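Quick notes on the structure that follows.
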Amino acid sequence: MEFPAEPRPSDLERAPASNKNADPRTRLSSSLRRRGPAMVMSTRGTADAFTLAVWCEDIRRAIECAEASSCGLVVDTTKLEFLSCRALLALAREAVRCRGHATAVSLVSPSPTIIKIASADPVIARLPVHSTVVSALTSLRLHPPRRALSRTARPTAPSKPGALGAAFRNSGKTAMRPGSASRIARTTPPVPDEDRDSRTPE
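In my numbering, each residue carries its 1-based index in the sequence shown increased by 784.
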């Protein structure tokens, strides 16, 4: 009969003493890749209270990559063993925040329970949920998010009163202001009657 080998001291040092000292990264991992109009974040493991900080951190990093690439973000949870309501709510809040930056965030989950929760909560209901990655990418192609105007690109301000005259003065020309023609007519001396008679043909 064979017995299991006795653990070595090095193995005992690497093994966590309890679940509290375990690394959340060992229970939740994610990968990011570009697929067409979006960055796809694929997750594995469990997204619960123990791994919530890792879940939020991975989502923020994926959003930063999507914003830098000017594309959307698709969070694929098809290979996730468990997704808690708190993790789902955190994703929905990030999706709402990203709408101000014109970055679309959507969730992919084949679970009907997740779809029911998403339709019941008012915040999570604003998160687009798709059953496959292909359907999420197709939705982004058909309905791309509208990009906000650049902060540096601002509408041209209307010209101020007197701006046209200042432009003429700067160019060495004299601008004729409104009413100047009437003042010139009033200041011009009238032609004597004798001169007008002399100009009249006989």
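Note that beta-carbon positions come from the ideal geometry of N, C-alpha and C, so glycine has one too.
Please read all numbers here as calculations on a predicted model, not as lab measurements.
> Considering only residues of the same chain and omitting the five flanking positions on each side of S814, which have a CB-CB separation below 6 Å?
Replying inline: Non-local beta-carbon contacts of S814 in its own chain, meaning distances under 6 Å to residues more than five positions away in sequence, involve M825, T827 and D842 in chain order.
>> Counting C-beta neighbours from all protein chains within 10 Å, is the total for V858 16 or more, i.e. buried, or is it exposed?
In response: buried
>> Can you check which of these residues, L867, T862, R844 and V880, is closest to I908 by C-alpha distance?
In response: V880
> Of all the options A874, F866, D905 and R870, which has the alpha carbon lying nearest to the alpha carbon of P893?
Replying inline: Correcting the residue type first, residue 893 is Ser in the shown sequence and not Pro. Taking only the C-alpha atoms, the option nearest S893 is F866.
> Are A829 and R809 closer than 7 Å when you measure CB to CB?
Replying inline: According to the sequence provided, residue 829 is Gly. The question's Ala does not apply to it. No, they are not a contact pair.
> On the three-state DSSP scale, how would you describe L872?
Replying inline: Three-state result, L872: helix.
>> What does the Cβ neighbour count give for T916, buried or exposed, with the cut at 16 atoms within 10 Å?
In response: exposed
> When DSSP labels each residue in this structure, what does H885 get in the three-state scheme?
Replying inline: helix
> By Cβ distance, which residues of its chain are closer than 7 Å to L875, with the 5 residues on each side in sequence left out?
Replying inline: I843, V859, L891 and L911
> Does the Cβ of G884 have 16 or more other Cβ atoms within 10 Å, making it buried, or fewer, making it exposed?
Replying inline: exposed
> When you compare each of A888, P929, L872 and R925 to L836 by their alpha carbons, which one comes out closest?
Replying inline: L872
> With 16 as the cutoff for other CB atoms within 10 Å, does L864 come out buried or exposed?
Replying inline: buried
> Between T922 and I847, what straight-line distance do the alpha-carbon atoms span, to the nearest angstrom?
Replying inline: 19 Å
>> Just to confirm before moving on: does the CB-CB distance between A920 and H927 stay below 7 Å?
In response: no
>> Within a Cβ cutoff of 7 Å, which residues of the same chain sit near V838, ignoring the five residues on either side of it in sequence?
In response: Annotation for V838: P808, R809 and L812 place their beta carbon closer than 7 Å to its own, counting only its chain and skipping 5 residues before and after.
> In terms of residues, what are the limits of the alpha helix (DSSP H) holding V918?
Replying inline: Taken as a continuous stretch (DSSP letters only), the alpha helix (DSSP H) holding V918 covers V917 to L926.
> Looking only at C-alpha atoms, which of R817, P896 and C869 sits nearest to S853?
Replying inline: R817
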